[in-house]
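In UniProt numbering, the protein residues as written are 1 to 421.
Working notes, beginning with the structure itself.
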Amino acid sequence: MDHFLYRDGALFAEDVPISEIAAAVGTPFYVYSTATLLRHFKLFDDALEGTDHLVCYAMKAASNQAILKTLAQAGAGMDVVSGGEYLRAKAAGVPGERIVFSGVGKTADEIRTALTGGIRQFNVESEPEMQVINAVALELGMIAPVTIRVNPDVDAKTHAKIATGKSENKFGIPISRASEVYALAASLPGLEVIGIDVHIGSQLTELEPFELAYNKVAELTERLRSEGHNIRRLDLGGGLGIPYTRSNDAPPLPVEYGAMIKKTLGHLGCEIEIEPGRLIAGNAGLMVSKVIYVKSGEDRDFLILDGAMNDLIRPAMYEAHHDIVAVEEPAAGVEQRPYDIVGPVCESGDTFAKQRNMPPLSSGDLIAFRSAGAYGAVMSSEYNTRPLIPEVLVNGDQFAVIRERPSFDEIINRDTIPEWL
Ligand SMILES: *Cc1c(COP(=O)(O)O)cnc(C)c1O
Numbered sequence: 001m002d003h004f005l006y007r008d009g010a011l012f013a014e015d016v017p018i019s020e021i022a023a024a025v026g027t028p029f030y031v032y033s034t035a036t037l038l039r040h041f042k043l044f045d046d047a048l049e050g051t052d053h054l055v056c057y058a059m060k061a062a063s064n065q066a067i068l069k070t071l072a073q074a075g076a077g078m079d080v081v082s083g084g085e086y087l088r089a090k091a092a093g094v095p096g097e098r099i100v101f102s103g104v105g106k107t108a109d110e111i112r113t114a115l116t117g118g119i120r121q122f123n124v125e126s127e128p129e130m131q132v133i134n135a136v137a138l139e140l141g142m143i144a145p146v147t148i149r150v151n152p153d154v155d156a157k158t159h160a161k162i163a164t165g166k167s168e169n170k171f172g173i174p175i176s177r178a179s180e181v182y183a184l185a186a187s188l189p190g191l192e193v194i195g196i197d198v199h200i201g202s203q204l205t206e207l208e209p210f211e212l213a214y215n216k217v218a219e220l221t222e223r224l225r226s227e228g229h230n231i232r233r234l235d236l237g238g239g240l241g242i243p244y245t246r247s248n249d250a251p252p253l254p255v256e257y258g259a260m261i262k263k264t265l266g267h268l269g270c271e272i273e274i275e276p277g278r279l280i281a282g283n284a285g286l287m288v289s290k291v292i293y294v295k296s297g298e299d300r301d302f303l304i305l306d307g308a309m310n311d312l313i314r315p316a317m318y319e320a321h322h323d324i325v326a327v328e329e330p331a332a333g334v335e336q337r338p339y340d341i342v343g344p345v346c347e348s349g350d351t352f353a354k355q356r357n358m359p360p361l362s363s364g365d366l367i368a369f370r371s372a373g374a375y376g377a378v379m380s381s382e383y384n385t386r387p388l389i390p391e392v393l394v395n396g397d398q399f400a401v402i403r404e405r406p407s408f409d410e411i412i413n414r415d416t417i418p419e420w421l
């Protein structure tokens, strides 16, 4: 459920008409709903009620500071995957003790930044990385809290580009080598081993792969404890999928996911962390765009939009489906017709949808891409010297621009010309 609904024939974000935002900021733009963000966070938080837990929002999904602040004020921690994300979370007011640092390639500089600024834990992904965290901690006279990310070798049954829990993926250490790697970690004086981390992929639409992985984590917890490690925190990653279409086979709900966590791991008495990203932000955001031209081709009609693959790359990159709706509600019973919906970028890959049934549309009409809140704005680029599009946050009847559209001067002046030219 989200807060983007038609009212009196027009699409609203909470209590604000989308057309009003479009008039104020121009198109294309992203718009997020505060109520939807908070609702999704709370679903996870409530699902783990009764267990010592922290929901760490995976901020790579949508990292605008206004979004981070909204969630942090509701009690969320953050999962960061770079030094930049760490600094952004801090800038949004998230305390270090609520930030976990994931990612396969943390550099010594990034580790130093996080250790000096305060960190809840590093999720370590390899032995070389463990050695560097140890060295940086010792150099700073500190002890780094760590969990080790294990790769449970389970099939997440999701798109290959976002599956991370098979042995062929670059993530974590093989669970079969865990004893050895934990023993090494325990021998390093700059580290304190506090737990286990696992994250098997994104947009999972079944609980089964999670359950397989978490059962392995439960077994591993007992084994490592018997080997003398004080395992007291389990970071279970993110990855619960969202419905991208309004069909009936919706992914499991956070409450079902939470119950499964309690069932598989509850007896261990560990603190539980989860790192949902997509489920919190995905259906809390739209990308709104305008039809520039309706072009009739030989055998099909094209809707050419002012938004493009640089603004929302998921269809080009993951063959992702987004529901696309007219901002002006189509009259009841109006006949739909198929369009290829494309952007103006000079690549055939700049196609959002093929032969998608839409109400008749014409130049100047607004449309909205649903489920665009996660991995949308954060993956945008200035390809074709197209400015990054604005982000807008709605809260009840208020809205605010939370990232401005840069001017062409700002973009162009970022280049510097060598003196020999
Ligand atoms: C991307 C990522 C997440 C979030 O995944 P979602 O599918 O957005 O929930 C969580 N943890 C780690 C380590 C990640 O890389």
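Even for Gly, the Cβ is constructed at its ideal location relative to N, Cα and C.
In this text the structure is predicted, and so the values were computed from the model without any measurement.
Would you kindly report the start and end of the unbroken beta strand (DSSP E) that includes residue i?
i: Gln336; result: Where Gln336 is concerned, there is no enclosing beta strand (DSSP E), given that its DSSP letter is neither H nor E.
i: Gly117; result: It is not in any beta strand (DSSP E) - Gly117 instead sits in the alpha helix (DSSP H) that spans Ala108 to Gly117.
i: Lys354; result: Thr351 to Met358
i: Pro28; result: No beta strand (DSSP E) contains Pro28, which DSSP labels as neither H nor E.
i: Gly77; result: Gly77 to Val80
i: Asp415; result: That residue, Asp415, is in no beta strand (DSSP E); it is neither H nor E in DSSP.
i: Thr147; result: Ala144 to Asn151
i: Arg233; result: Arg233 to Asp235
i: Lys295; result: Gly285 to Ser296
So, is residue i buried or exposed, given that buried needs 16 or more other C-beta atoms within 10 angstroms?
i: Phe408; result: exposed
i: Gly297; result: exposed
i: Leu37; result: buried
i: Gln355; result: exposed
i: Thr385; result: exposed
i: Asn357; result: exposed
i: Arg160; result: The sequence shown places Ala at residue 160, not Arg. Its Cβ having fewer than 16 others within 10 Å, Ala160 is exposed.
i: Cys56; result: buried
i: Tyr293; result: exposed
i: His267; result: exposed
i: Ala377; result: buried
i: Thr245; result: exposed
i: Asp197; result: buried
i: residue 424; result: Nothing about residue 424 can be reported from this structure: the residues present for the chain run from 1 to 421 only.
Between which two residues does the alpha helix (DSSP H) containing residue i stretch?
i: Leu393; result: Note, Leu393: premise wrong, no alpha helix (DSSP H); beta strand (DSSP E) at Glu391 to Asn395.
i: Thr221; result: Glu208 to Ser226
i: Asp85; result: Reading off the sequence shown, one finds Glu at residue 85, where the question assumed Asp. Taken as a continuous stretch (DSSP letters only), the alpha helix (DSSP H) holding Glu85 covers Gly83 to Ala91.
i: Thr36; result: Thr34 to Ala47
i: Ala374; result: Taken as a continuous stretch (DSSP letters only), Ala374 belongs to no alpha helix (DSSP H), as it is neither H nor E.
i: Asn134; result: Glu127 to Leu140
With distances taken Cα to Cα, identify the nearest neighbour of residue i among the options.
i: Tyr339; options: Leu305, Ala331 and Thr221; result: Leu305
i: Leu5; options: Gly364, Val401, Ala400 and Ala326; result: Ala326
i: Lys42; options: Lys60, Arg300 and Val255; result: Val255
i: His53; options: Arg232, Pro390, Met379 and Trp420; result: Arg232
i: Gly343; options: Pro360, Gly117 and Ile367; result: Ile367
i: Ile162; options: Phe352, Leu138, Glu319 and Ser363; result: Glu319
i: Phe12; options: Trp420, Ile417 and Asn395; result: Asn395
i: Ala61; options: Gly165, Gly364, Arg278 and Lys295; result: Arg278
i: Asn123; options: Val150, Val16 and Arg112; result: Val150
Taking three-plus beta-carbon pairs below 8 Å as touching, is the region 200-207 in contact with the region 107-123? no
Check whether the region 384-396 touches the region 404-421, taking contact to mean three or more Cβ pairs, one atom from each stretch, closer than 8 Å. yes
Inter-stretch contact (C-beta, 8 Å, three-pair minimum) for the region 220-229 and the region 16-34: no
Runs of alpha helix (DSSP H) lying entirely within the region 302-338, each at least 4 residues, in chain order: 314-318
Mind the definition here: the region 306-316 touches the region 272-290 only if three or more C-beta pairs lie below 8 Å; say whether that holds. yes
Would you check if the region 331-338 and the region 266-283 touch, i.e. whether three or more CB-CB distances between them fall below 8 Å? no
Three or more C-beta pairs below 8 Å linking the region 182-197 and the region 141-148: yes
So, do the region 88-107 and the region 249-269 have three or more beta carbon pairs nearer to each other than 8 Å? no
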